[in-house]
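For reference, the structure discussed in these notes is given below.
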Amino acid sequence: MVVTSLIERKRDGVALDPAEWRALVDDYVAGRVPDYQVSALLMAVVWRGLSTDELAALTDAMIASGDRLRFEGLGRPVLDKHSTGGVGDKVSLVLAPMVASCGVAVPMMSGRGLGHTGGTLDKLESIPGFRTGLALREIEAQIQRLGCAMIGQTPEIAPADRKLYALRDVTGTVESIPLISASIMSKKLAEGLGGLVLDVKAGSGAFIPGRDRAIELARTMIGLGETRSCPTVALLTAMDRPLGRACGCALEVEEALQGLGGEGPDDLMEVTYALGVEMLLLAGVEHDPVGARRRLEKAIASGQALETFRRVVEAQGGDPMVIDDPGILPQADAVEVFRSPATGTVASVDPRIIGRAVVALGGGRNTLADAVDPTVGFVITVKPGDRVKAGQPLASVFARDAAGIALGLDALARAITTEGEPAPLPLVSHRITAAGVETLEHPASA
Ligand code: URA
674 MVVTSLIERK
684 RDGVALDPAE
694 WRALVDDYVA
704 GRVPDYQVSA
714 LLMAVVWRGL
724 STDELAALTD
734 AMIASGDRLR
744 FEGLGRPVLD
754 KHSTGGVGDK
764 VSLVLAPMVA
774 SCGVAVPMMS
784 GRGLGHTGGT
794 LDKLESIPGF
804 RTGLALREIE
814 AQIQRLGCAM
824 IGQTPEIAPA
834 DRKLYALRDV
844 TGTVESIPLI
854 SASIMSKKLA
864 EGLGGLVLDV
874 KAGSGAFIPG
884 RDRAIELART
894 MIGLGETRSC
904 PTVALLTAMD
914 RPLGRACGCA
924 LEVEEALQGL
934 GGEGPDDLME
944 VTYALGVEML
954 LLAGVEHDPV
964 GARRRLEKAI
974 ASGQALETFR
984 RVVEAQGGDP
994 MVIDDPGILP
1004 QADAVEVFRS
1014 PATGTVASVD
1024 PRIIGRAVVA
1034 LGGGRNTLAD
1044 AVDPTVGFVI
1054 TVKPGDRVKA
1064 GQPLASVFAR
1074 DAAGIALGLD
1084 ALARAITTEG
1094 EPAPLPLVSH
1104 RITAAGVETL
1114 EHPASA
């Protein structure tokens, strides 16, 4: 295969044949095409997009690059959720055990950090001993036994996405509707799901910030799901400020444990419940949103969701003591409080500045070979609209050393502003299905 010609044609806006996409994906996974050529092609896709046929061919080739999970005869519906990526987004850690406690099997398959956003796998791996790399048959057995697994793409599931995802992370090629759609849907469709709920982020910290383009992203993924026998629903949720308070792997696990224990931050729990409601409705275990929400709240209040998480941690080699004592999570060497420089109203907490700072602190990757430091990050206790006084503690930085603290304090000073009018996006603004787009909540300024 002459990859140079594919790159040049894509660069010039020509659609490649489905057979060319299939051959390219096969050759890339087999190591016959180098990363640098695929990087160039991905960049051409970022600029030129993909036609519907190209997107379908790419997604199908990515699915076909590996095996599939099989859940026949399980006796309960199998559903998953996926987020398009955010800062402080630890929803999966709370949602999977919560929904699994309501009679739906959840093989939560997640990714690693991507760009300025954190990845559920990196977060889970901050739990001492936790293994995310389960083999296919192990996942199926755990789903049979516990109804829940929290896993990465095994080498068998969409290996093409695994490779492309890591490459996109370090080549500035994440922000593309077709590439995000193919990435998410290839791994999700290989899971053998009975339904999928998508958390599509909008706002300055999202890969696709604008509302209309985020809706287009949702519709693109829904199209791929529905035409491949996987009923798919999306919610558009706010990513113009970090979700919850904690940003950084171990800090987010600790916050997720608070959520499972009934003490999570309101915004985190609202988004988690909203997605959980969609999962229970799509699974057919509940038929109205009010009943679904009640059932989810009960799973949290009764401790059932936390217990499911404990079992998952144990089954996957993690130390279950973490549930009762989050202090066993890896801890940062240096911690410093950030205080408000002025009195006023918080106008914004910029999630991109925070996400990039987590990466710069060592909590994300700059190159393929980088290891993630689970201890670093931020806990930010203010949201847009909060009144603050000069000198009031607004956040904490968790770092390896004094240089990290300085970097973190500088990022907070830039991210948290008190100038201008706060205009936060509604937390859950739209519900998107194959039938159309429903507006749930209008922006405060609308
Ligand atoms: N999540 C994914 O799995 N892939 C993307 O491209 C973006 C978010």
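Per the working numbering, the sequence shown starts with residue 674, numbered consecutively.
Each residue gets a CB set at the ideal place from its N, CA and C atoms; glycine is no exception.
Query, Result
"Reduced DSSP secondary structure (H/G/I, E/B, other) of Ala634", "Here the chain has residues from 674 to 1119 only, and residue 634 is not among them."
"Cα-Cα separation between Gln710 and Glu811, rounded to whole angstroms", "35 Å"
"Beta-carbon proximity check, Gly761 vs Pro1024, cutoff 9 Å", "yes"
"Counterpart residues of Phe880 in DSSP-defined beta bridges", "Answer by DSSP bridge pairing: none, since Phe880 is not bridged."
"Validate contact between the region 968 to 977 and the region 788 to 804 using beta carbons, cut 8 Å, 3 pairs", "no"
"Cβ pair Ser877, Asp842 closer than 9 Å", "no"
"Outcome for Gln817 when other beta-carbon atoms lying within 10 angstroms are tallied against a minimum of 16", "exposed"
"Cβ-based burial, Trp694 [other Cβ within 10 Å; buried from 16]", "buried"
"Exposure of Ala1119, with buried meaning 16 or more beta-carbon neighbours within 10 Å", "For Ala1119, the predicted model reports a pLDDT of 36, less than 50, meaning its position is unreliable; a value from the coordinates is still stated below. The residue in question, Ala1119, is exposed, as its Cβ has fewer than 16 Cβ neighbours within 10 Å."
"Minimum length 3: unbroken beta strand (DSSP E) runs contained in the region 1032 to 1068", "1050 to 1053"
"Spatial distance of Ala696 from Met674 (CA atoms)", "8 Å"
"Local conformation of Phe1071 per DSSP, three classes", "strand"
"Complete runs of the alpha helix (DSSP H) confined to the region 798 to 864 [at least 4 residues]", "809 to 819, 832 to 842, 850 to 862"
"CB contact flag (Gly1077, Gly1028, <9 Å)", "no"
"Inter-stretch contact at 8 Å, needing at least 3 Cβ pairs: the region 1060 to 1072 / the region 1008 to 1016", "yes"
"Check: Val1032 C-beta below 8 Å from any heavy atom of the ligand URA", "no"
"Euclidean distance between Cα positions of Gly883 and Pro1099", "14 Å"
"Nearest-angstrom beta carbon gap, Leu909 and His755 [assumed within contact, 8 Å]", "Not really, about 14 Å apart at Cβ, beyond 8 Å."
"Expected contact under 8 Å - CB spacing of Pro750 and Ala778 to nearest Å", "7 Å"
"Classification of Ala703 by the beta-carbon crowding that lies within 10 angstroms, buried from 16 upward", "exposed"
"Expected contact under 8 Å - CB spacing of Gly867 and Ala956 to nearest Å", "7 Å"
"Reduced DSSP category for Ala1119 - H, G, I as helix; E, B as strand; rest coil", "At Ala1119, the pLDDT of 36 sits below 50, so the modelled position is not reliable; the number obtained from the coordinates is stated separately. Coil at Ala1119, not helix or strand."
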